[in-house]
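Participant:
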Amino acid sequence: MRSALRAAGMALIIGYCIAPFLWQVITSLKPAAELVSLPPLIPTRLTAEHYAAIFAGHPFLRIIGNSALVAACTTLLALGLGAPAAFALSMLQVRGRAVILAGVLAISMFPPVATVSPLFLALNALGLHDTLFALVITYTTFSLPLAVWLLANFFAALPRELYAAARVDGCTACGALARVVLPLAAPGLLAAGLLTFIFAWNELLFALTFTATEAARTIPVGIALFPGLHEVPYGEIAAAAVTVTLPVVVLATVFQRRIVEGLTAGAVKG
Amino acid sequence: MKLERELDRPLWYLLPGGLLLAAVTLFPLGYVLWLSLQRHSPLHGPPRFIGLDNYLRLAADERFWNALWNTVYFAAVSVALELVLGLVIALMIERTSRGRALFYGVILLPWAVPTAVSARMWEWMYDAQIGVLNYLAGVHVNWLGSPGWALNAAIAMDVWKSTPFVALLLLAGLQSIPRDVYRAAAVDGASGWTVLARITLPLLAPVMLVALVFRTIDAFRVFDSIYVLTGGGPADSTETLSIYAYKVLFQGLEFGYGSALAVSVFVCVALAALCYAQLMRKALR
Amino acid sequence: MSRWAPALLLACAAVLLPACDADGPTPGSTVVVFKHGKLFGDAAPLRALLDEFERLHPGIMVRDETLPAGSDEQHQFYAINLQANSPAFDVLAVDVIWVAEFAHAGWLHELALELPPQERSAFFPGPIEAVTHQGRVYAVPWFVDAGLLYYRKDLLEKHAFPVPRTWDELARTAQAVMAREPGIAGFVWQGKQYEGLVCNALEYMWSNGGEVLSAGRVVLDTPRNREALAFMADLVHRYRVTPASVTSATEEPSRHVFGQGRALFLRNWPYAWRLFQDPRSRVYGKVGVTLLPHFEGGASAATLGGWQLAVNRHSRYPEAGRKLVRYLASVPAQKRLALAYGFQPARVALYRDPELLAAQPFLATLERVFAAARPRPVTPYYVRVSQVLQSELSAIVAGLKTPEAALAAAARKLREILADEA
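Protein chains in written order, with my numbering: chain A, 49 to 318; chain B, 7 to 291; chain C, 220 to 641.
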């Protein structure tokens, strides 16, 4: 009985998460003439014309490549800068720890609509107009608060003695961090990394403002360029949504599996 | 502890991240604060320092209070729902043995779709004439066009989109709880609900705080999704602080007043974060 | 940690590469950047036109960069860039409602030479009025847009009704047909709280002889305007020929409802015609188009839309920019773009051009509409004015405020905005 309830609950939750996305998938396969008509809910014939259109009419492959590069760099940098900082804040004695954490948080409290203008000025002054680098720098900065807070949380839950023991055993600080602390905080790392990746993958305002040409165009800007003067090509937008979301989901699944395997293999000790 | 202080310099760990943060944010944030003290618009001639006049104007601006109310309502309802749903989802994933990774990936879908796209998608789903929601339910509700429904429709969309964020964080928290704790509780004969209330939730509290704070920050700053869905309408009933700030800044070209609005968002969020911290402290005692 | 370092460095290097300008301009040539919202369709015809310009002006290269088609996104982009005195683009396509604003902000070059007084009559009067600020011209009209009434001629014939000329006729016709045809909405238009709502509302107000601004003074709160907007509200609440969901309708949703055959009348821009004339469309062959109705004693009025070409005040190459503007606004260039993209040129003569008319017979109908199209109030503060109007008009359409209350509130706020600047 319990497992039937649980299965039903799972099905409901999966349905809730998937249903709108499923609607996107259906829309992306509907022929243009039937795009807006209801009935039929399911198209009478399926077509790949929208998928073909997004790659033919726009340099979408390059756009996806740009986004992948920016998101990957951002994630690596955010974790690379955030993990040590979180580590210091949670496991080492730092005076003014609360102030630092609050300050880091304060950065994420301003609405981007206000900060985009001065940032644009600054990046222009540095000659970073229309580069992916500008995006990486910006995204990393705005991802750091979440990464630091999250990781500080997970590190703080680990026993202090573990770290001290590793140091006594002769590890360098960096080594201890990498080999002992990080693996134990793997779930937190995955969460922080994934959320940062998704943020960089989907961010629109800064990307729109700081870039101008296809060289530095990312996915959200690319999709924003689909609609024409008055027309909105729902089919293409749906196809693009499906195309760019699935890699993220696959990524998440793969990494989660590795985490789970790591956990069940006994990496997390009591 | 003494060992650590001798062997490690916290500064080295904090410096790289700290430098980046300082380099990128000090100027924009300072500039926003500075702008908020000015009358600064290309339509009004050269900028003029006016002290706190923008804030006084804010206090008397009924559109500001309307936006504030909309934002608070939006944040309160959506964050509460996201927290509850996120917890339920995280617990379910945690208890699943088979297909957990796939479940995890699927749950992530709403958060992984770009906001601009999912907002358009929901706008279309909500359409009273040709939208799929009304079609399936067989009704003719004016979701986005009636002042009573519009904000709640926007909340529903945000909850759909953001619950995975909370679920992700809470799941990571759950996965970090050592198994021993549960084994001990089982030995003591504790029931499922007791374990949840007395053991799991308190251990999850710190992560829940992080989720709560960040979701509140994002909810207070919400812009893209609502702007696409309703543009702040009908009759300003879904105009949030960020949308108002956007309109003032980039349509009205009033950079001074718009910056003051942005600072007001900051103040609200900071107050909310302080409240949460206090609540957590009391709850954990 | 050390394992990641080389990967990190490599990644950063890869990311920095695009920062280097791969295809620099050939030495000695100026690169003029043309910034514009996305034109529908293929980018190739525009590029071919720009290549032609490059051939005619050796030493000048044109790079065209697209912005999202949405007016709001473009305005935001220009606000950020022009406020920062950015020289990153030279020629820009400006929405008809921004010219006075950008000119007043000192963001545009004056284009007296590109559009001398004797040439202005070659364009429709509406756009010329919109690009003129304090007696000087700051942009050259490129293409135009105006509101139209679409109708289902098959349904009107079936029920023996003539094409309505006044708003009252439209309302009565719609009610009668709705009673006999289930599932058909009478009249769909755009009532969401956005710029399109102002376009719609102005068409009612103007066709009743009302106005928003007159000689710089706010004349919004008048009996004529109240009457016009009361009718607009009645369409939804009293005659019930417009569904209540108009409060969330923009161009595309309303176009789709009509295009699915579920409405009798539609107010929209000319772009929809091409879509209805597609053989796969459900209303193929059943759609007619005419001027918007008017009130008794008034005249039909259409809100002017469209885009103009301007030169960035901080451009490094204003001369080259002016040449590009002149070229793009010329008769052959406008004709080529009209043929390729179906857009409506701002030059009157092209509406009599046999080749263009053969390819797009619809232009013949449009000439009348565009000749009478009126620009929205031409003031540097138009965008702020529009925001106030959007909010109050939305309240009227949603039935939250009476036209009297809404217009009074709007007039008060408009006076504050305009007095502020005096």
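All C-beta atoms, glycine included, are put in the ideal place defined by N, C-alpha and C.
Could you pull the start and end residues of the alpha helix (DSSP H) that Gly524 (chain C) belongs to?
Facilitator: That residue, Gly524 (chain C), is in no alpha helix (DSSP H); its beta strand (DSSP E) goes 521-530.
Participant: The beta strand (DSSP E) spanning Leu311 (chain C) covers which residue range?
Facilitator: Counting along the chain, the beta strand (DSSP E) containing Leu311 (chain C) begins and ends at 310-314.
Participant: What does Gln284 (chain B) touch in chain C if you count any residue whose Cβ is under 8 Å from its own?
Facilitator: Those do not exist, as Gln284 (chain B) stays about 37 Å from chain C at its closest Cβ, beyond 8 Å.
Participant: Drop a sphere of 10 angstroms on the beta-carbon of Lys288 (chain B), count the other beta-carbons inside from all chains shown, and report buried for 16 or more, exposed for fewer.
Facilitator: That one is exposed.
Participant: With distances taken between CB atoms, is the gap from Met424 (chain C) to Leu454 (chain C) smaller than 8 Å?
Facilitator: It is not a contact, given that the beta carbons lie outside the stated cut-off.
Participant: Quick one: is Ala55 (chain A) near chain D, going by C-beta distance under 8 Å?
Facilitator: Absent from the structure is chain D; the protein chains it does hold are A, B and C.
Participant: Check whether the Cβ of Gln479 (chain C) lies closer than 8 Å to any Cβ atom in chain A.
Facilitator: True, the Cβ-Cβ gap to chain A drops below 8 Å.
Participant: Who are the neighbours of Glu209 (chain A) on chain C, taking C-beta pairs under 9 Å?
Facilitator: In chain order: nothing, as chain C lies at least about 22 Å away.
Participant: Can you have a look at Ser103 (chain B) and say buried or exposed, based on whether 16 or more other CB atoms are within 10 angstroms of its CB?
Facilitator: Label assigned to Ser103 (chain B): exposed.
Participant: Between which residues of its own chain and Ala341 (chain C) is the CB-CB distance below 6 Å, once the five residues before and five after are set aside?
Facilitator: Only Arg566 meet the Cβ criterion.
Participant: Considering only residues of the same chain and omitting the five flanking positions on each side of Arg339 (chain C), which have a CB-CB separation below 6 Å?
Facilitator: Closer than 6 Å at Cβ, skipping near neighbours: Ile347.
Participant: Over the uninterrupted alpha helix (DSSP H) stretch that includes Lys554 (chain C), give me the two end residues.
Facilitator: Per DSSP, Lys554 (chain C) belongs to the alpha helix (DSSP H) from 550-560.
Participant: Please list the residues of the stretch 89-118 of chain B that have a C-beta atom closer than 8 Å to any C-beta atom in chain A, keeping them in chain order.
Facilitator: So the close ones are Val94, Ile95, Met98, Arg101, Thr102, Arg106, Ala107, Leu108, Phe109, Tyr110, Gly111, Val112, Ile113, Leu114, Leu115, Pro116, Trp117, Ala118.
Participant: For Cys418 (chain C), count neighbouring Cβ atoms within 10 angstroms of its own Cβ and tell me buried if that reaches 16, exposed if not.
Facilitator: With 16 or more other Cβ atoms within 10 Å, it is buried.
Participant: Among B:Gly23, B:Gly238, B:Leu267, which has the Cα closest to the Cα of Ala614 (chain C)?
Facilitator: Per the Cα distances, B:Gly238.
Participant: List the residues that DSSP assigns as beta-bridge partners of Glu292 (chain C).
Facilitator: BP columns for Glu292 (chain C) are empty, so no partner.
Participant: Closer than 8 Å is the cut-off here; do at least three beta carbon pairs connect the stretch 255-267 of chain B with the stretch 294-304 of chain C?
Facilitator: The stretch 255-267 of chain B vs the stretch 294-304 of chain C: in contact.
Participant: Taking the beta strand (DSSP E) that Asp1 (chain B) falls in, what are its first and last residues?
Facilitator: Outside the shown range of chain B, which is 7 to 291, sits residue 1 (chain B), and nothing can be said about it.
Participant: For the stretch 312-342 of chain C, which residues have a beta carbon sitting closer than 8 Å to at least one beta carbon of chain B?
Facilitator: Correct list: Glu320, His323, Ala324, Gly325, Trp326.
Participant: Taking 8 Å as the CB-CB cut-off, is Val42 (chain B) touching chain C?
Facilitator: Looking at the sequence shown, residue 42 (chain B) is not Val but Ser. Not an interface residue.
Participant: Can you pull the chain A residues whose beta carbon is under 7 Å from the beta carbon of His475 (chain C), in chain order?
Facilitator: Ordered by position in chain A, the residues that pass the 7 Å Cβ test against His475 (chain C) are Val84.
Participant: Distance check for Asp67 (chain B) and Gly151 (chain A), CA to CA, integer angstroms please.
Facilitator: Taking the straight line joining both Cα atoms gives about 30 Å.
Participant: Apply the 10 Å Cβ neighbour rule to Lys377 (chain C) and answer buried if 16 or more other Cβ atoms are within range, or exposed otherwise.
Facilitator: Burial call: exposed.
Participant: Please state whether the Cβ-Cβ distance between Leu612 (chain C) and Leu330 (chain C) is less than 8 Å.
Facilitator: No, they are not a contact pair.
Participant: With DSSP collapsed to three states, give me the class of Leu25 (chain B).
Facilitator: Helix at Leu25 (chain B).
Participant: Is the separation between the beta-carbon of Ala81 (chain B) and that of Ala225 (chain B) shorter than 8 Å?
Facilitator: Yes, the pair counts as a contact, with Cβ atoms nearer than the cut-off.
Participant: May I have the straight-line CA-CA distance separating Ala288 (chain C) from Phe477 (chain C), to the nearest angstrom?
Facilitator: Cα to Cα, the separation comes out at about 23 Å.
Participant: Could you check whether Leu176 (chain B) and Leu93 (chain B) sit closer than 8 Å to each other, using their CB atoms as the reference points?
Facilitator: Yes. Within cutoff.
Participant: Can you tell me which residues form a DSSP beta bridge with Asp364 (chain C)?
Facilitator: Answer is C:Gly524, bridged to Asp364 (chain C).
Participant: So Glu251 (chain A) is in the alpha helix (DSSP H); what residue range does that whole segment cover?
Facilitator: From DSSP, Glu251 (chain A) is part of no alpha helix (DSSP H); its letter is neither H nor E.
Participant: Return the first residue and the last residue of the alpha helix (DSSP H) that His255 (chain C) is part of.
Facilitator: No alpha helix (DSSP H) holds His255 (chain C); the beta strand (DSSP E) holding it covers 249-256.
Participant: Work out the CA separation of Thr244 (chain B) and Val269 (chain B) for me, nearest whole Å.
Facilitator: Rounded to whole angstroms, Val269 (chain B) to Thr244 (chain B) spans 20 Å at the Cα level.
Participant: Under a CB-based cut-off of 8 Å, is Ala253 (chain B) close to chain C?
Facilitator: Looking at the sequence itself, residue 253 (chain B) is Lys, so the reference to Ala does not match. Lys253 (chain B) counts as touching chain C.
Participant: Under the DSSP definition of a beta bridge, which residues are partnered with Ile279 (chain C)?
Facilitator: Ile279 (chain C) is bridged to C:Thr249.
Participant: Ser165 (chain A) versus chain C: which residues are under 8 Å apart at the beta carbon?
Facilitator: Those within 8 Å of Ser165 (chain A) in chain C are Ile299, Gln302, Ala303.
Participant: Can you check whether the C-beta of Pro594 (chain C) is within less than 8 Å of a C-beta belonging to chain B?
Facilitator: It does not: the Cβ of Pro594 (chain C) has no partner Cβ on chain B nearer than 8 Å.
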